[in-house]
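Chemist: Under the working numbering, the residue at position 146 of the sequence shown is numbered 197, and the numbers go up by one with no gaps. Just passing along the structure, written as structure tokens.
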Amino acid sequence: MSSSVGTRGESPGSGRAEAEVVDLVSALIRFDTSNTGDLATTKGEAECADWVAGQLREVGYEVEIVESGAPGRTNVFARLEGADRERGALMLHGHLDVVPAEPADWRVHPFSGAVEDGYVWGRGAVDMKDMVGMILAVAREFKATGVVPPRDLVFAFVADEENGGRYGCQWLVEHRPDLFEGVTEAVGEVGGFSLTVPRPDGTERRLYLVETAEKGLGWMKLTARGRAGHGSFLHSDNAVTTLAQAVARLGTHTFPLVVSDSVAEFLTAAGEETGLDFDPASPDLEGTLAKLGSIANIVGATLRDTANPTMLSAGYKANVIPQTAEAMVDCRVLPGRRAEFERIVDELIGPDVTREWVTSLDSYETTFDGDLVDAMNDAILAHDPDARTVPYMMSGGTDAKAFAKLGIRCFGFAPLQLPPDLDFSALFHGVDERVPVDALRFGARVLGHFLTRC
Ligand SMILES: [Zn+2]
């Protein structure tokens, strides 16, 4: 053993992971693991988890299968011992569920896992059976070829991410913290993908976006109460009217621009590369951001808190004024902004409407520095020497929010080298979700490199 990486048989970088990653991702997509948000209709996770466990056992892993709070909500855990067992473990995590897909809308069947035109097609191709397949491929390569990583690796394949993790990561963190014993850092979605930006000299630069922060997620129920009555009478206390006014005020409100540390670092790097002015103080920051293309949808959503009304419900008959009216609002709140956000919401909805958090997951932010970040950076540069890694904040939420509660430092790093013109953000939960075959092979190489030096 000449380094921290020990081998027997085939050497690390044997190409085994790269060779099988596409087949693994395709096979994962063929399990319809649609998470409807309803226990009665959510399906497929258990079958998919069994298959993942089988892939791990085949190369010699001891696997623990854990059900998280309801039948069929199945999670798979395995551990690979590292050279230095005194160090904290690194967890690689991926969720097995996907959002539903309507086959009639798709070019290929969303659960076909078809490999066509240089892409693997299907629901989960980028969210996140791509990363699940890459983790699985590297885990299998390491075990099969005797690679000993620098420290323990924990592989976690979990249920229910697409509905907030109540029957997945959240249950596991609450009821089985022992599964995460000794884990100090974790890597999962959504980051590691490339964004090609134009440079002032006419060339291009690939940035790889590493997720270091996530906005908080909150689903808020608004309730207006009034006086029930006949629809033909004069009526000054109508719950529907009161609610509608509050919803309109909230839905049209623009929250203040707040540049968090992760966002500031991204903007600085993007400015250095493109020559564009991403100074947070510049009057048209959002307009400049749009010049970066579709990534503006993601980064733009991390400049402010947002509150989007998504559901309305009231009444049961056209001529009856109901006593109550309800709305749901999808709120995404920047780190450190929770109290101020709630203050603004209360002001907007007014005293006649009450609010209640139905689901509430805190924001998360870590710094873009340290040995693990260096290892990610080195792994990317080893396979794409002209590239640059930059931190960014996710507007959505991932399982990282739950793992962070255990004190685990979390990153989104699922490396993919993407074609410059691919609208990556539109593929998440989108129609014709697909991932380039070459990007998966690149990802398997980078992840393998990273995990032998983490
Ligand atoms: Zn996901």
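Ideal Cβ placement from N, Cα and C applies to all residues, glycine included.
Does the structure place the stretch 245-257 close enough to the stretch 150-162 that three or more beta carbon pairs sit under 8 Å?
Modeler: With a cut-off of 8 Å, the stretch 245-257 and the stretch 150-162 do not count as touching, because too few Cβ pairs lie within range.
Chemist: How far does the alpha helix (DSSP H) with W222 in it extend, from its first residue to its last?
Modeler: W222 -> alpha helix (DSSP H) spans C220 to H226.
Chemist: Tell me, please, whether the stretch 378-398 touches the stretch 328-341 by the rule of three or more beta-carbon pairs shorter than 8 Å.
Modeler: Touching, no, given that fewer than three Cβ pairs across the two stretches are closer than 8 Å.
Chemist: Please determine whether the Cβ atom of D211 lies at a distance below 7 Å from any heavy atom of ligand 1.
Modeler: No, ligand 1 has no heavy atom inside 7 Å of this Cβ.
Chemist: Please report how far the alpha carbon of L246 lies from the alpha carbon of A321, in whole angstroms.
Modeler: Rounded to whole angstroms, L246 to A321 spans 10 Å at the Cα level.
Chemist: Determine, using beta carbons only, whether V497 and A430 come nearer to each other than 8 Å.
Modeler: Yes, the pair counts as a contact, with Cβ atoms nearer than the cut-off.
Chemist: Consult DSSP for E137 and reduce its assignment to one of helix, strand or coil.
Modeler: Residue state, collapsed to three classes: coil.
Chemist: Taking Cβ to Cβ, would you say S190 is nearer than 8 Å to L107?
Modeler: Before going further, note that residue 190 is Ala rather than Ser in the sequence given. Yes, these two residues count as a Cβ contact at 8 Å.
Chemist: Go ahead and pull the three-state DSSP assignment for M182.
Modeler: Correct three-state label for M182: helix.
Chemist: What would DSSP say about G338, mapped onto helix, strand or coil?
Modeler: Here G338 sits in helix by DSSP.
Chemist: With a threshold of 8 Å on Cβ separation, who are the neighbours of A121 within its own chain once the five nearest residues in sequence on each side are excluded?
Modeler: Answer for A121: L90 and Y218, listed in chain order.
Chemist: Check this for me: beta carbons of V76 and G184, under 8 Å apart or not?
Modeler: Taking 8 Å as the Cβ cut-off, V76 and G184 qualify as a contacting pair.
Chemist: Among T125, V166 and E137, which one has its Cα closest to the Cα of D148?
Modeler: Of the listed residues, the one whose Cα sits closest to D148 is T125.
Chemist: If you reduce the DSSP assignment to three classes, tell me which class C382 lands in.
Modeler: Strand at C382.
Chemist: Whose CA, out of S476, R355 and P436, lies closest to the CA of F244?
Modeler: Nearest of S476, R355 and P436 to F244, Cα basis: S476.
Chemist: Cutting at 7 Å between CB atoms, please list the residues of its own chain near A490, excluding the five before and the five after it.
Modeler: Same-chain partners within the cutoff: L467, Q468 and L469.
Chemist: Counting Cβ pairs, one atom from each stretch, are 3 or more of them under 8 Å apart for the stretch 284-303 and the stretch 338-346?
Modeler: Too few Cβ pairs lie closer than 8 Å, so no.
Chemist: At a cut-off of 7 Å, would you count E262 as near ligand 1, judging by its Cβ distance to the nearest heavy atom?
Modeler: No, since every heavy atom of ligand 1 falls outside the 7 Å radius drawn around the Cβ of E262.
Chemist: Could you check whether the Cβ of E240 sits closer than 7 Å to any heavy atom belonging to ligand 1?
Modeler: It does: the Cβ of E240 is within 7 Å (strictly closer) of some heavy atom of ligand 1.
Chemist: Closest to P373 by C-alpha separation, out of I400, S364 and D74, would be which residue?
Modeler: The shortest Cα separation from P373 among I400, S364 and D74 belongs to S364.
Chemist: Taking only the alpha-carbon atoms, compute the straight-line gap between G499 and S65 and give it to the nearest angstrom.
Modeler: Approximately 10 Å between the Cα atoms of the pair.
Chemist: For M362, does the count of other Cβ atoms within 10 angstroms reach 16, so buried, or fall short, so exposed?
Modeler: It is exposed - the Cβ of M362 has fewer than 16 other Cβ atoms within 10 Å.
Chemist: Smallest Cα separation from V117: which of A97, G105 and E132?
Modeler: Checking every option, the nearest Cα to that of V117 belongs to A97.
Chemist: Whose C-beta lies closer than 7 Å to the C-beta of N214 among residues of the same chain, with five residues either side of it excluded?
Modeler: Here the set comprises N86 and G88.
Chemist: Would the beta-carbon of K180 fall within 8 Å of that of S414?
Modeler: For K180 and S414, no; Cβs fall outside 8 Å.
Chemist: Quick one: what's N522 bridged to in DSSP?
Modeler: Lying before the first or after the last residue shown, residue 522 is absent from the chain, which here runs from 52 to 505.
Chemist: Less than 7 Å separating the Cβ of L181 from some heavy atom of ligand 1?
Modeler: First, the residue type needs correcting, since residue 181 is Asp and not Leu in the sequence shown. Not so, every heavy atom of ligand 1 lies at least 7 Å from the Cβ.
Chemist: Comparing C-alpha positions only, which one of E167, E115, D435 and M142 sits nearest to E484?
Modeler: Selected option, being the one with the closest Cα: E167.
Chemist: So if DSSP puts G242 in a beta bridge, which residue, or which two residues, is it bridged to?
Modeler: DSSP, once it has assigned bridges, lists no residue as partnering G242.
Chemist: Measure the alpha-carbon distance for D356 versus G448 and round it to whole angstroms.
Modeler: C-alpha separation (whole angstroms): 14 Å.
Chemist: Examine ligand 1 and report whether any of its heavy atoms sits within less than 7 Å of the Cβ of T84.
Modeler: Flag unset: Cβ of T84 not near ligand 1.
Chemist: Near D288, what residues of its chain come up, given a Cβ to Cβ distance below 6 Å and the 5 sequence neighbours on each side ignored?
Modeler: The answer, listed in chain order, is G277 and R278.
Chemist: Please identify the residue among F284, H281, S119 and P154 whose C-alpha is closest to the C-alpha of Q221.
Modeler: Measuring from the Cα of Q221, the nearest candidate turns out to be S119.
Chemist: Could you check which residue in A195, G139 and E132 has the C-alpha nearest to that of R67?
Modeler: Nearest C-alpha to R67: A195.
Chemist: Quick one: Cα of M379 to Cα of L301, how far?
Modeler: Each residue's alpha carbon lies about 11 Å from the other.
Chemist: Give me whichever residues DSSP pairs with T247 in a beta bridge.
Modeler: T247 pairs with R257.
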